[in-house]
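Working notes, beginning with the structure itself.
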Amino acid sequence: MIQEEEKLDDITKTPFNVYLSGIDVYGSIKTTSRSDVNVIVTVNPNTKQILLTSTPRDYYVPLTVSNGIPDKLTHAGIHGVDCSVETLEKLYGIDIDYYVRVNFTSVRKIVDLLGGVKVYSDYDFTSDWGPSFKKGYNQVNGKQALAFCRERHHFANGDYQRGRDHQHMIEAILNKAMSPDILPNYADLLKTASKNFQTNMSTKEITALAKMQLNDMSQWTIKYANAAGQGASKTTYSYQSRKLYVCVPDYNSVAKITKRINKVLEATPESVKNDKAGSSSDEDTAMPGDEDKAIK
Numbered sequence: 142m143i144q145e146e147e148k149l150d151d152i153t154k155t156p157f158n159v160y161l162s163g164i165d166v167y168g169s170i171k172t173t174s175r176s177d178v179n180v181i182v183t184v185n186p187n188t189k190q191i192l193l194t195s196t197p198r199d200y201y202v203p204l205t206v207s208n209g210i211p212d213k214l215t216h217a218g219i220h221g222v223d224c225s226v227e228t229l230e231k232l233y234g235i236d237i238d239y240y241v242r243v244n245f246t247s248v249r250k251i252v253d254l255l256g257g258v259k260v261y262s263d264y265d266f267t268s269d270w271g272p273s274f275k276k277g278y279n280q281v282n283g284k285q286a287l288a289f290c291r292e293r294h295h296f297a298n299g300d301y302q303r304g305r306d307h308q309h310m311i312e313a314i315l316n317k318a319m320s321p322d323i324l325p326n327y328a329d330l331l332k333t334a335s336k337n338f339q340t341n342m343s344t345k346e347i348t349a350l351a352k353m354q355l356n357d358m359s360q361w362t363i364k365y366a367n368a369a370g371q372g373a374s375k376t377t378y379s380y381q382s383r384k385l386y387v388c389v390p391d392y393n394s395v396a397k398i399t400k401r402i403n404k405v406l407e408a409t410p411e412s413v414k415n416d417k418a419g420s421s422s423d424e425d426t427a428m429p430g431d432e433d434k435a436i437k
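The sequence shown maps to residues 142 to 437 in the working numbering.
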């Protein structure tokens with residue numbers, strides 16, 4: 142359960158989880174709607190590690206408001222961010238300390254505010270919204286970034302690949318925001334960008350993280366995890382009179398991800414140094430290529 146008054150003693154020294162929710166609407170960030178992006182960002186400021194865990198929007202799980210009846214994870218967003226947070230906490234058996242909530246308009250404005258970002262694409266494709274992307278790194282503006290994040294029909298892996306592309310975009314935004322050209326202006330950037338997202342992380346905590354990075358300009362390692370499942374047609378809590386497409390969770394995949402999240406949370410600089418093999422043996426198999434990435 143997230144409450145506004147709950148804060149970490151020192152966010153620069155304590156590992157934490159952030160839930161990133163992407164709402165499927167344009168306009169006011171206050172609008173309530175489905176949460177089609179559901180990423181848990183696990184951050185260890187001591188080891189400079191980040192794990193991005195993507196859970197499919199169609200994951201068939203009980204919501205905290207559904208009296209045990211399974212529903213699509215995306216429908217939790219209709220009941221508010223607390224419902225999404227608590228549902229994911231129960232699924233993975235973890236605590237989520239913070240949330241960040243964005244929508245279509247947020248993505249466009251934040252990327253443009255950063256002057257565009259360089260995002261990696263696993264494939265050559267032309268999105269349903271017009272922009273084309275090549276395999277490899279692509280420089281994109283806000284409109285192109287949103288098209289990149291929304292595409293799924295052109296991929297054999299469908300929504301799984303879209304989840305991976307969300308991870309690529311988060312990495313691209315972090316990479317740009319933490320760059321020497323942008324980070325020194327974090328105060329002005331935060332003031333402008335804050336109109337485009339909602340969070341329970343205080344300005345003081347965000348400032349502390351920015352100052353920490355400014356002081357040491359450390360290189361961070363980012364890893365991806367993607368929850369797996371099997372497509373099916375089932376009734377849901379939100380639509381009990383007809384069947385919808387859902388993704389039935391592979392709970393072995395979920396358990397592996399929980400292990401990976403806890404490994405990042407519990408890691409120390411010494412354990413990371415000694416663990417030359419990283420977490421490759423614990424990686425899920427929902428998506429290929431869960432390689433480490435470096436963020437400077």
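We treat Cβ as the ideally placed atom computed from N, Cα and C, and that holds for glycine.
With residue i as the anchor, note down where its alpha helix (DSSP H) starts and where it stops.
{"i": "Phe245", "result": "245 to 254"}
{"i": "Lys439", "result": "No answer is possible for residue 439: the residues shown for the chain start at 142 and end at 437."}
{"i": "Pro203", "result": "Where Pro203 is concerned, there is no enclosing alpha helix (DSSP H), although the beta strand (DSSP E) it sits in stretches over 201 to 203."}
{"i": "Gly283", "result": "283 to 291"}
{"i": "Val206", "result": "Element bounds for Val206: n/a, residue is neither H nor E."}
{"i": "His309", "result": "300 to 318"}
{"i": "Thr348", "result": "344 to 357"}
{"i": "Ser379", "result": "From DSSP, Ser379 is part of no alpha helix (DSSP H); its letter is neither H nor E."}
{"i": "Pro321", "result": "Neither: Pro321 is in no alpha helix (DSSP H) and is coded neither H nor E."}
{"i": "Leu232", "result": "222 to 233"}
{"i": "Ser169", "result": "Where Ser169 is concerned, there is no enclosing alpha helix (DSSP H), given that its DSSP letter is neither H nor E."}
{"i": "Lys414", "result": "410 to 415"}
{"i": "Asp329", "result": "327 to 334"}
Spell out the partners DSSP gives residue i in its beta bridges.
{"i": "Gly277", "result": "Ser262"}
{"i": "Gln339", "result": "Arg242"}
{"i": "Thr194", "result": "Ile181, Ala366"}
{"i": "Trp440", "result": "No answer is possible for residue 440: the residues shown for the chain start at 142 and end at 437."}
Could you check the C-alpha separation between residue i and residue j for me, to the nearest Å?
{"i": "Asp151", "j": "Arg242", "result": "23 angstroms"}
{"i": "Asp177", "j": "Asn326", "result": "31 angstroms"}
{"i": "Thr183", "j": "Thr376", "result": "32 angstroms"}
{"i": "Ala396", "j": "Leu229", "result": "13 angstroms"}
{"i": "Gly209", "j": "His216", "result": "14 angstroms"}
{"i": "Asn415", "j": "Thr246", "result": "43 angstroms"}
{"i": "Pro410", "j": "His309", "result": "25 angstroms"}
{"i": "Gln371", "j": "Tyr392", "result": "11 angstroms"}
{"i": "Asp329", "j": "Leu385", "result": "45 angstroms"}
{"i": "Ala351", "j": "Gln381", "result": "46 angstroms"}
{"i": "Glu346", "j": "Ser374", "result": "43 angstroms"}
{"i": "Tyr240", "j": "Ala313", "result": "19 angstroms"}
{"i": "Leu287", "j": "Val248", "result": "6 angstroms"}
{"i": "Gln360", "j": "Leu315", "result": "12 angstroms"}
{"i": "Ile170", "j": "Val413", "result": "38 angstroms"}
{"i": "Leu192", "j": "Ala318", "result": "17 angstroms"}
{"i": "Gly430", "j": "Ile181", "result": "Because Gly430 sits at a pLDDT of 40, beneath the cut-off of 50, its placement in the model cannot be relied upon, and the following sentence gives the value as read from the coordinates. Answer to the nearest angstrom: the Cα atoms are 19 angstroms apart."}
{"i": "Gln190", "j": "Arg175", "result": "30 angstroms"}
{"i": "Glu147", "j": "Thr155", "result": "For Glu147, the pLDDT reaches just 49, beneath the cut-off of 50, and the residue's location in the model is therefore unreliable, although a value from the coordinates is still provided. Whole-angstrom Cα-Cα distance: 14 angstroms."}
{"i": "His307", "j": "Val258", "result": "13 angstroms"}
{"i": "Asn282", "j": "Asn244", "result": "16 angstroms"}
Where do the ends of the beta strand (DSSP E) carrying residue i lie?
{"i": "Gly372", "result": "370 to 375"}
{"i": "Asp177", "result": "176 to 185"}
{"i": "Leu161", "result": "157 to 164"}
{"i": "Tyr386", "result": "385 to 390"}
With contact counted as at least three CB pairs below 8 angstroms, one residue from each stretch, are the stretch 218 to 235 and the stretch 271 to 287 in contact? no
Would you call the stretch 387 to 403 and the stretch 231 to 238 touching, i.e. three or more CB-CB distances under 8 angstroms? yes
Below 8 angstroms, can you find three or more Cβ-Cβ pairs linking the stretch 240 to 257 to the stretch 196 to 212? no
For the pair the stretch 260 to 271 and the stretch 357 to 367, tell me if three or more CB-CB distances fall below 8 angstroms. no
Cβ contact (3+ pairs, closer than 8 angstroms) linking the stretch 283 to 293 and the stretch 301 to 312: yes
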